[in-house]
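In full-length UniProt numbering, the protein residues as written are 1 to 218.
Structure follows, in structure tokens:
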């Protein structure tokens with residue numbers, strides 16, 4: 001489904017979001033105070049506008065409140081990011097996602113109502129650490145302080161065994177959300193679904209339980 005997004009701040013992170021959303025077929029309004037950045041993104045956005053993300057009148061004139069999600073990725077100075085977020089929430093934007101630079105920035109964004117706070121370096125650092133920690137972890141997504149989703153490669157130990165036989169939920173407290181087998185994806189697999197060596201198991205659970213599953217169940 002085609003959606004409408006606005007990206008405010010066209011540094012490397014904001015530009016990559018803008019390009020990907022546009023290539024996925026969505027309408028994207030790209031905004032930056034730097035004219036050169038706006039020119040560079042023009043072919044990767046539906047509209048590219050040279051404007052100040054902290055200028056309430058400018059945002060109003062662009063119809064910013066009509067966008068389903070607005071992503072704020074303004075540069076290193078946190079003050080414009082905070083002001084822009086505050087204005088967007090006051091204008092009634094449905095969802096405001098904001099890139100944060102540190103924990104102080106996170107706390108302020110939380111207090112003014114940002115709907116989603118993104119810390120790319122922090123999140124990527126956690127993901128890489130888990131991939132380094134276990135050769136079986138293909139992908140890692142942190143859901144909260146305690147819970148995560150991991151993508152694990154099935155080993156010979158799991159080969160030709162059904163989920164019922166493996167009894168993963170009872171033994172480790174984890175749930176298998178999906179099984180990726182080449183181009184095929186089995187969503188919400190049945191207990192009788194058999195695992196083959198090399199399958200990718202998408203598991204959700206408490207971090208401690210997922211580690212136990214990686215170490216003993218794979």
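Yeah, the Cβ is synthetic: ideal placement off N, Cα and C, and Gly gets one too.
With distances taken between CB atoms, is the gap from residue 91 to residue 64 smaller than 8 Å? Taking the chain shown and counting its residues from 1, the one referred to as residue 91 is at position 91. Taking the chain shown and counting its residues from 1, the one referred to as residue 64 is at position 64. In this structure, residue 64 lies closer than 8 Å to residue 91 by Cβ.
Between residue 210 and residue 148, which are expected to be in contact by the criterion C-beta below 8 Å, what is the C-beta distance as a whole number of angstroms? Position 210 of the chain shown, counting from 1, holds the residue named residue 210. Position 148 of the chain shown, counting from 1, holds the residue named residue 148. Confirmed, about 6 Å.
Return yes when the Cβ of residue 48 is within less than 8 Å of the Cβ of residue 41, no when it is not. In the chain shown, residue 41 corresponds to position 41, counting from 1. In the chain shown, residue 48 corresponds to position 48, counting from 1. For residue 41 and residue 48, yes; Cβs fall inside 8 Å.
How about residue 89 and residue 113: are their beta carbons less than 8 Å apart? Position 89 of the chain shown, counting from 1, holds the residue named residue 89. Position 113 of the chain shown, counting from 1, holds the residue named residue 113. It is a contact, given that the beta carbons lie within the stated cut-off.
Span of the beta strand (DSSP E) holding residue 105? For the purposes of this step, residue 105 is taken as the residue at position 105 of the chain shown. Unbroken run through residue 105 is the alpha helix (DSSP H), 103-111; no beta strand (DSSP E).
Who are the near neighbours of residue 146 in its chain, counting only those whose CB is closer than 7 Å to its CB and skipping five residues on each side? On the chain shown, position 146 is the one that residue 146 refers to. Counting only Cβ-Cβ distances below 7 Å, and skipping sequence neighbours, we find 206 and 207.
Would you report the Cα separation of residue 101 and residue 32, rounded to the nearest angstrom? Residue mapping note: residue 101 aligns to position 101 of the chain shown, counting from 1. Residue mapping note: residue 32 aligns to position 32 of the chain shown, counting from 1. Those two C-alpha atoms are separated by around 18 Å.
If we call anything under 8 Å between Cβ atoms a contact, is residue 203 one with residue 189? Taking the first residue of the chain shown as position 1, residue 203 is located at position 203. Taking the first residue of the chain shown as position 1, residue 189 is located at position 189. The answer is no: Cβ separation not under 8 Å.
Can you give me the C-alpha to C-alpha distance between residue 157 and residue 56, rounded to a whole angstrom? Locating residue 157 in the chain shown gives position 157, counting from the first residue. Locating residue 56 in the chain shown gives position 56, counting from the first residue. Answer to the nearest angstrom: the Cα atoms are 60 Å apart.
Determine the DSSP secondary structure at residue 17, reduced to helix, strand or coil. Counting from one through the chain shown, the residue named residue 17 turns up at place 17. Helix, per DSSP.
Indicate the three-state DSSP secondary structure (helix, strand or coil) for residue 239 in the structure shown. In the structure displayed, the chain extends from 1 to 218; residue 239 sits before or after that span and is not available.
So what's residue 146 in DSSP terms, helix, strand or just coil? Numbered from its first residue, the chain shown carries residue 146 at position 146. In this structure, residue 146 counts as coil in the three-state DSSP scheme.
State the CB to CB distance for the pair residue 191 and residue 144, rounded to an integer number of angstroms; the pair is presumed to be in contact (CB under 8 Å). As a first step, residue 191 must be located in the chain shown, where it is residue number 191. As a first step, residue 144 must be located in the chain shown, where it is residue number 144. Not confirmed; about 27 Å, so no contact.
Do you know whose CA, among 194, 99 and 218, lies nearest residue 172's CA? Against the chain shown, residue 172 aligns to sequence position 172. Comparing Cα-Cα distances from residue 172 to each of 194, 99 and 218, the minimum goes to 218.
Three-state secondary structure assigned by DSSP to residue 85: Translated into the one-based positions of the chain shown, residue 85 becomes position 85. If DSSP states are grouped into helix, strand and coil, residue 85 belongs with the helices.
Skipping 5 residues on each side, what residues in its chain have a beta carbon closer than 6 Å to that of residue 28? What you label residue 28 is simply residue 28 of the chain shown in a count that begins at 1. Answer for residue 28: 5, 18, 21, 22, 45 and 46, listed in chain order.
Taking all protein chains shown into account, decide if residue 167 is buried (16 or more other Cβ within 10 angstroms of its Cβ) or exposed. Position 167 of the chain shown, counted from the first residue, corresponds to residue 167. Its Cβ having fewer than 16 others within 10 Å, residue 167 is exposed.
Do residue 152 and residue 103 come within 8 Å of each other at the CB atom, strictly closer than that value? In the chain shown, counting from the first residue as 1, residue 103 sits at position 103. In the chain shown, counting from the first residue as 1, residue 152 sits at position 152. Not in contact: residue 103 and residue 152 (Cβ atoms no closer than 8 Å).
How should residue 76 be labelled, buried or exposed, when 16 other C-beta atoms within 10 angstroms of its C-beta is the threshold for buried? Within the chain shown, numbered from 1, the residue matching residue 76 stands at position 76. Classification for residue 76: exposed.
Any idea which residues DSSP pairs residue 29 with across the strands? Residue mapping note: residue 29 aligns to position 29 of the chain shown, counting from 1. Per DSSP, 6 and 47.
Between which two residues does the alpha helix (DSSP H) containing residue 65 stretch? For the purposes of this step, residue 65 is taken as residue 65 along the chain shown, with counting starting at 1. No alpha helix (DSSP H) holds residue 65; DSSP gives it neither H nor E.
Can you give the Cα-Cα distance for residue 30 and residue 86, rounded to whole angstroms? Start at 1 with the first residue of the chain shown, and residue 30 comes out as number 30. Start at 1 with the first residue of the chain shown, and residue 86 comes out as number 86. Cα to Cα, the separation comes out at about 19 Å.
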